[in-house]
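Counting in numbering that gives the first Met the number 0, the sequence shown runs without a single skipped number right up to 519 at its last residue. Report on the structure given below.
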Amino acid sequence: MTAHITKIFGPPGTGKTTWLLNKLEEVINSGVDVSRIAYLTFSVSAREEARDRAVSRLPHINPEKFKYFKTIHGICFSELDLGRGHVMQTDDYLEFAKFCGIQFSSDYADDLDASGSPKGWSSSLGSSYMNVRQLAAATMLEANSNKFFEEYWPADLSIEIYQYVMAKYSEFKQDKIKFDFVDMLEMYLRTGDPLPVSHIFVDEAQDLSEIQWRLIRLFSGRSQYLYLAGDDDQAIYSFIGASQYGFLDHHADETVILSRSYRLRSTIWKFANGIIQQVGRRQNKEIDTRGDGGTINWWGMGASELIDRITLEDVLIICPTNIQLSGIQARLQERGISHTYKGLSVSEYAITESFYWYHKARKDVSIPIGAAAKILRILKLEGAKAMADQARLTPDDTIGKPELTNLGVLWMAGRESCDYVSNRKKHSRVNHQSFDIALKSQNIETMIQKPRVRLTTYHGSKGLEANRVVLVTDCSKPAVDYADRNPDYERRLAYVGVTRAKEEVHISRPQTNDYMRAYR
Numbered sequence: 000m001t002a003h004i005t006k007i008f009g010p011p012g013t014g015k016t017t018w019l020l021n022k023l024e025e026v027i028n029s030g031v032d033v034s035r036i037a038y039l040t041f042s043v044s045a046r047e048e049a050r051d052r053a054v055s056r057l058p059h060i061n062p063e064k065f066k067y068f069k070t071i072h073g074i075c076f077s078e079l080d081l082g083r084g085h086v087m088q089t090d091d092y093l094e095f096a097k098f099c100g101i102q103f104s105s106d107y108a109d110d111l112d113a114s115g116s117p118k119g120w121s122s123s124l125g126s127s128y129m130n131v132r133q134l135a136a137a138t139m140l141e142a143n144s145n146k147f148f149e150e151y152w153p154a155d156l157s158i159e160i161y162q163y164v165m166a167k168y169s170e171f172k173q174d175k176i177k178f179d180f181v182d183m184l185e186m187y188l189r190t191g192d193p194l195p196v197s198h199i200f201v202d203e204a205q206d207l208s209e210i211q212w213r214l215i216r217l218f219s220g221r222s223q224y225l226y227l228a229g230d231d232d233q234a235i236y237s238f239i240g241a242s243q244y245g246f247l248d249h250h251a252d253e254t255v256i257l258s259r260s261y262r263l264r265s266t267i268w269k270f271a272n273g274i275i276q277q278v279g280r281r282q283n284k285e286i287d288t289r290g291d292g293g294t295i296n297w298w299g300m301g302a303s304e305l306i307d308r309i310t311l312e313d314v315l316i317i318c319p320t321n322i323q324l325s326g327i328q329a330r331l332q333e334r335g336i337s338h339t340y341k342g343l344s345v346s347e348y349a350i351t352e353s354f355y356w357y358h359k360a361r362k363d364v365s366i367p368i369g370a371a372a373k374i375l376r377i378l379k380l381e382g383a384k385a386m387a388d389q390a391r392l393t394p395d396d397t398i399g400k401p402e403l404t405n406l407g408v409l410w411m412a413g414r415e416s417c418d419y420v421s422n423r424k425k426h427s428r429v430n431h432q433s434f435d436i437a438l439k440s441q442n443i444e445t446m447i448q449k450p451r452v453r454l455t456t457y458h459g460s461k462g463l464e465a466n467r468v469v470l471v472t473d474c475s476k477p478a479v480d481y482a483d484r485n486p487d488y489e490r491r492l493a494y495v496g497v498t499r500a501k502e503e504v505h506i507s508r509p510q511t512n513d514y515m516r517a518y519r
């Protein structure tokens, strides 16, 4: 059976995922059982978003029936019937480091982050060799082949040491009966069957690697319909093995181009389109914007200075590397501005609220009885349960410092209070960061405010949007070298950054000789 293939091109802000979910709902309403539908995403976060949106749209369907709403790795894992205990974990890699005699980062994990990038990509030597293994598997090239060596091999790594590490790695996994993410994909290609589904939806298809494309073809072997949605202009993961033209060149029986952006204004789209039109091979797209206006602002200063000049409300700051992110984060902390860093908040209400109320009570402010009950529970003091029971009966009651003192609460200042009102290490770390920001801003309320500023990389910015976007142009020497060999890659990267903006784009002046040329 050959599936009917529909390819959906979704430029920024055109509602590509919404189109897919509308089609999904249409298919289900036509009588197709949802358990006969697969919805595949590039990342876990995208899978969760799609599944949650589908469940909310179709409340009459048992959520357990959405069994094929998974990442490609997730499909392989579940269909091969592997147990989590057989998958390589951080502790396994640390044990392998001793077995092999090579250093790994302490947080190395063979997993994917929110953006779909491998979490394991880090700077330690052992991690670097594992990155080569992942890249070779993604491209389906032998690591010692001429093509891989010319296009991907890191100049600072030894092929002889790589072969030694891989031999020891195979020995270690065989002895421990362990598998990693690469093994799952390769095993399914060798032994797996087509999925028992009639419809397959694939989101963010421009980010798939060669091995993932082969799996999609295997998955859809018995399907009637295959929907491939993506945007070739946002194919920015070639450096970790994604196929730059896999989506663009894929056969389609039907092509849909979404032409209405609900995010971009005309000036921002014109600027972004000017960048992307320079890409050699692409699907041309003309879109209607949400109206005239929008601004492109060029600044003759670095981002750390720039953020002192713009309104810091709903701001997304995008950097090529973590080095620039760290410098800007330090500046925001110095100013006492709450923010998120690569999706993680340093002022997360769920974590800091108990410390916040503790601090308010310490200043002789009566606090809600529910908040007081949580403090007693965290501090493991008698009376916590009784107060929680009372809070359910009279939720509007308040409790003052004298009553909490009588129940055994101690009153500490500074960072000692952060550690005191924490029930796990993560809470303590976040409280420290939040407290430091509140101290700088001289306003404890910043601890529970929704962050006004988000910091991320260009790769991590996909799927995000903000009224104001700050684009940092400084990058690293390896990034410049890669862009020189593949200028279209950097143009797509710049295009992704610009098209996150709803109202304003602010481009900072580079502070080094290594910077993104795509904005010139």
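For glycine and all other residues, C-beta sits at the position ideal for the given N, C-alpha and C.
Start and end residues, beta strand (DSSP E) containing residue i
i: R467; result: 465-470
i: I36; result: 36-40
i: Y520; result: Residue coverage of the chain in this structure runs from 0 to 519, which leaves residue 520 outside it and unanswerable.
i: L315; result: 314-318
i: N296; result: 294-297
i: T456; result: 452-456
i: Y340; result: 338-340
Alpha-carbon to alpha-carbon, residue j and residue i
i: C524; j: D313; result: The structure shown does not extend to residue 524, since the chain spans only 0 to 519, so no value can be given for it.
i: V131; j: H72; result: 18 Å
i: I27; j: N321; result: 43 Å
i: I101; j: M139; result: 25 Å
i: T16; j: A371; result: 43 Å
i: P367; j: D483; result: 59 Å
i: S114; j: V468; result: In this predicted model, S114 has a pLDDT of only 43, less than 50, meaning its place in the structure is not dependable enough to derive any value.
i: I7; j: R259; result: 13 Å
i: I274; j: L247; result: 18 Å
i: G119; j: T254; result: Caution is warranted here: a pLDDT of 44 is assigned to G119, below 50, making its placement in the model unreliable, and no coordinate value can be reported.
i: C318; j: R391; result: 47 Å
i: L111; j: V43; result: With a pLDDT of 47 at L111, under the threshold of 50, the predicted position of this residue should be treated as unreliable, though the coordinate-derived value follows. Their backbone Cα atoms lie some 8 Å apart in a straight line.
i: P11; j: W212; result: 23 Å
i: A383; j: D287; result: 58 Å
i: K449; j: R499; result: 20 Å
i: C75; j: L409; result: 52 Å
i: H249; j: Y226; result: 12 Å
i: L305; j: P509; result: 12 Å
i: Y518; j: E141; result: 36 Å
i: V164; j: G125; result: 8 Å
i: M515; j: Y236; result: 16 Å
i: A108; j: T456; result: Because A108 carries a pLDDT of 49, less than 50, the predicted location of this residue cannot be relied on, and the following value inherits that uncertainty. Looking at the two C-alpha atoms, the distance is approximately 20 Å.
i: A135; j: A251; result: 28 Å
i: D106; j: D363; result: In this prediction, D106 has a pLDDT of 49, which is less than 50 and means its spatial position is unreliable; nothing more can be read from the coordinates.
i: Y261; j: L184; result: 37 Å
For residue i, the first and last residue of its enclosing alpha helix (DSSP H)
i: I267; result: 265-275
i: N321; result: 321-334
i: E170; result: 158-175
i: L217; result: 209-218
i: E502; result: Element bounds for E502: not the alpha helix (DSSP H) but the beta strand (DSSP E), 500-506.
i: H184; result: Rather than His, the amino acid found at residue 184 in this sequence is Leu. From DSSP, the alpha helix (DSSP H) with L184 extends over 180-190.
One or two residues paired with residue i in a DSSP bridge
i: P367; result: T397
i: L225; result: I4, I199
i: R259; result: D287
i: A241; result: S208
i: E253; result: T5
i: V86; result: F178
beta-carbon residue i near the ligand SAH non-hydrogen atom, thresh 7 Å
i: N145; result: Within the structure as shown, the ligand SAH is missing, as the structure has no ligands at all.
Nearest neighbour of residue i, chosen from the options [CA to CA]
i: K341; options: R334, Q332, S325; result: S325
i: I316; options: P477, F65, S460, N61; result: S460
i: Y481; options: L305, E333, I239; result: I239
i: L57; options: N21, F103, E352; result: N21
i: K242; options: A204, Y224, Q323; result: Before going on, a small fix: residue 242 reads as Ser here, not Lys. With distances taken between Cα atoms, S242 lies closest to A204.
i: K172; options: A383, C474, H85; result: H85
i: W268; options: L39, G496, Q510; result: G496
i: Y47; options: Y457, D202, M87, E185; result: Sequence check: residue 47 is Glu here, not Tyr. Of the candidates Y457, D202, M87, E185, the one whose C-alpha sits nearest the C-alpha of E47 is D202.
i: S55; options: T40, L23, G82; result: L23
i: G292; options: V471, E25, N466, K373; result: N466
i: R264; options: G290, G245, I256, A412; result: G290
i: P153; options: E170, Y128, Y168; result: Y128
Does the segment 503-510 come close enough to the segment 44-54 that 3 or more CB-CB pairs lie under 8 Å? Put simply, the segment 44-54 does not touch the segment 503-510. Fewer than three CB pairs are less than 8 Å apart.
Does the segment 475-493 touch the segment 275-293, meaning 3 or more C-beta pairs lie closer than 8 Å? Between the segment 275-293 and the segment 475-493 there are three or more inter-stretch CB-CB distances shorter than 8 Å, so the stretches are counted as touching.
Quick check: the segment 61-79 against the segment 34-44, are there 3 or more CB pairs under 8 Å? The segment 61-79 makes contact with the segment 34-44; the number of CB pairs closer than 8 Å reaches 3 or more.
Three Cβ pairs or more, each shorter than 8 Å: is that satisfied between the segment 145-153 and the segment 164-181? Counting Cβ pairs under 8 Å, fewer than three are found: no touch.
Under 8 Å: do the segment 187-204 and the segment 215-223 share three or more Cβ pairs, one atom per stretch? Short answer: they touch.
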